[in-house]
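Q: First the structure, which I've put down as structure tokens, then a few questions once you've had a look.
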Amino acid sequence: GQIILQQAETVRLIDKLGKALSVTDLDINDEIIIHHQNQMRHIGKALEGEMTEK
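Everything in the sequence shown is counted per the numbering used here, starting at 1 for the first residue and increasing by one.
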């Protein structure tokens, strides 16, 4: 699968130890925790529709 994230230090993911990790600090082979859903989100809120990457 794929995720698209804004490159900003305020956008964070959770690492396998439960610690917040800024996307600007991600390295190849970093492991993160995901929660799979079939919808887009913006500022944590679910959005309807589709997105086309250009």
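A virtual CB, placed ideally from N, CA and C, is assigned to each residue, including glycine. No experiment lies behind these values; they were computed from the predicted model shown.
According to DSSP, simplified to helix, strand and coil, what is ASP15?
A: Residue state, collapsed to three classes: strand.
Q: Does the beta carbon of ILE28 come closer than 8 Å to any beta carbon on chain B?
A: The structure shown contains no chain B; it holds only a single protein chain.
Q: In angstroms, rounded to a whole number, what distance separates the CA positions of GLY43 and THR52?
A: The displayed chain sequence assigns Ile, not Gly, to residue 43. Those two C-alpha atoms are separated by around 19 Å.
Q: Of the choices GLN6, GLY49 and GLU50, whose alpha-carbon is the least far from that of VAL23?
A: Comparing Cα positions, the closest option is GLN6.
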